[in-house]
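Visitor: Quick note on our numbering: the sequence shown kicks off at 221 and runs consecutively. This is the structure I want to talk about, given as structure tokens.
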Amino acid sequence: MDTEFLRTLDRQILLGVFVAFVAVGAGAAYFLSSSKKRRGCLDPENFKEFKLVKKQQLSHNVAKFIFELPTSTSVLGLPIGQHISCRGKDAQGEDVIKPYTPTTLDSDIGRFELVIKMYPQGRMSHHFREMRVGDHLAVKGPKGRFKYQPGQVRAYGMLAGGSGITPMFQVARAILENSTDKTKVHLIYANVTYEDILLREELESLTANYPEQFKIFYVLNQILRCGPPPMNKAMAANLEALGYSPEMQFQF
Ligand SMILES: Cc1cc2nc3c(=O)[nH]c(=O)nc-3n(C[C@H](O)[C@H](O)[C@H](O)COP(=O)(O)OP(=O)(O)OC[C@H]3O[C@@H](n4cnc5c(N)ncnc54)[C@H](O)[C@@H]3O)c2cc1C
């Protein structure tokens, strides 16, 4: 056989082997990095500390807390519809643990955010009020029974009051930002005053971006109720707990 032909063939084989190695290496690196990314930073058994890098006051009693993850490509690793347990100290210095739902998803890398409403007498509220940039928050998770599968239902009806909006926002965002998920979301969100509406801009931007899929109904000031007695009783108690005094409710 012609030696020139053989040399060309050798070069082609070598080039082929080299390209194959590069492709396999790149594939392995991608797989390792994405599986590492998917692993997340939470531990269901032990509290882990996350550094507060920004605290943004949104109103007199609501603030957004931004926590840093170990690297700029880390994800929290919280399944949709689940929450975390946060540990802090109350005004007496006693440990307190409460559930919170981040408003960020795993598509938000390197950080996670909490929007917290702080009540004057609240034990964990005290901890968040006192937190300063550079402090660490002890977090454990994931927690929760709700498991979301894209497209598992035709539509979700959601009922939220005050800070109860955070799990709804998390689920709604995950549905709407997934272009293959056509689930509709109808949210009724109750607050005492307009100023109390949490995540208002974020919710408005979801309604603007997904007008066919996401509908939100705000309820303010006065509630008109009608239903069977057990339902009326339960609604009255729940609404009062949300801050609607009996004068703000009317029962037909
Ligand atoms: C799954 C889940 C996710 C949650 N996610 C968030 C979140 O992302 N952001 C957030 O701010 N909260 C969230 N919460 C509520 C949170 O867990 C605490 O209940 C809240 O922060 C109050 O805790 P605290 O220790 O400060 O108050 P506590 O010491 O338990 O209560 C003290 C007083 O504060 C007032 N108070 C407490 N809670 C309420 C309330 N809901 N409405 C009106 N008055 C109240 C009452 O006067 C009460 O007597 C979530 C709750 C659940 C179950």
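Positions of the beta carbon are idealized from the N, C-alpha and C atoms, including for glycine.
Tell me whether GLY301 counts as near ligand 1, meaning its Cβ is closer than 7 Å to at least one heavy atom of that ligand.
Guide: What you label residue 301 is simply residue 81 of the sequence shown in a count that begins at 1. No, Cβ of GLY301 sits at least 7 Å from all heavy atoms of ligand 1.
Visitor: Please confirm whether any heavy atom of ligand 1 lies closer than 7 Å to the CB of GLY361.
Guide: Looking up residue 361 in the sequence shown gives position 141. Result no, Cβ not under 7 Å from ligand 1.
Visitor: Taking the C-alpha atoms as reference points, what is the distance between VAL373 and PRO387?
Guide: To locate residue 373, count along the sequence shown from 1; it is residue 153. To locate residue 387, count along the sequence shown from 1; it is residue 167. Distance between the alpha carbons of VAL373 and PRO387: 18 Å.
Visitor: May I ask which residues mark the beginning and end of the alpha helix (DSSP H) holding ASN429?
Guide: Residue numbering aside, residue 429 sits at position 209 when the sequence shown is read from its first letter. Taken as a continuous stretch (DSSP letters only), the alpha helix (DSSP H) holding ASN429 covers 420-429.
Visitor: Thinking C-alpha only, which one of PHE434, VAL412 and GLU415 is nearest LYS402?
Guide: For this step, residue 402 is matched to residue 182 along the sequence shown. It is PHE434 whose Cα lies nearest to the Cα of LYS402.
Visitor: By Cβ distance, which residues of its chain are closer than 8 Å to GLY356, with the 5 residues on each side in sequence left out?
Guide: Position 136 of the sequence shown, counting from 1, holds the residue named residue 356. The identity of residue 356 in the sequence shown is His, whereas the question assumes Gly. The answer, listed in chain order, is GLU269, PHE270, LYS271 and LEU272.
Visitor: Within the region 366-429, note down every full alpha helix (DSSP H) run reaching 4 residues or more, in order along the chain.
Guide: 385-396 and 420-429
Visitor: Start and end of the alpha helix (DSSP H) containing ALA456?
Guide: The residue given as residue 456 occupies position 236 in the sequence shown. Counting along the chain, the alpha helix (DSSP H) containing ALA456 begins and ends at 449-461.
Visitor: Report the partner residues of SER305 according to the DSSP bridge assignment.
Guide: Here residue 305 refers to the residue found at position 85 when the sequence shown is read from its first residue. SER305 pairs with PRO319 and LYS360.
Visitor: Does the separation of the CB atoms of GLN469 and LEU459 fall below 8 Å?
Guide: Numbered from 1 along the sequence shown, position 249 holds the residue referred to as residue 469. Numbered from 1 along the sequence shown, position 239 holds the residue referred to as residue 459. The Cβ atoms of GLN469 and LEU459 lie closer than 8 Å to each other.
Visitor: Would you grab the beta carbon distance between PRO290 and SER305 for me? Rounded to a whole angstrom, and I think it's under 8 Å.
Guide: Here residue 290 refers to the residue found at position 70 when the sequence shown is read from its first residue. Here residue 305 refers to the residue found at position 85 when the sequence shown is read from its first residue. About 19 Å separates the two Cβ atoms, so there is no contact after all.
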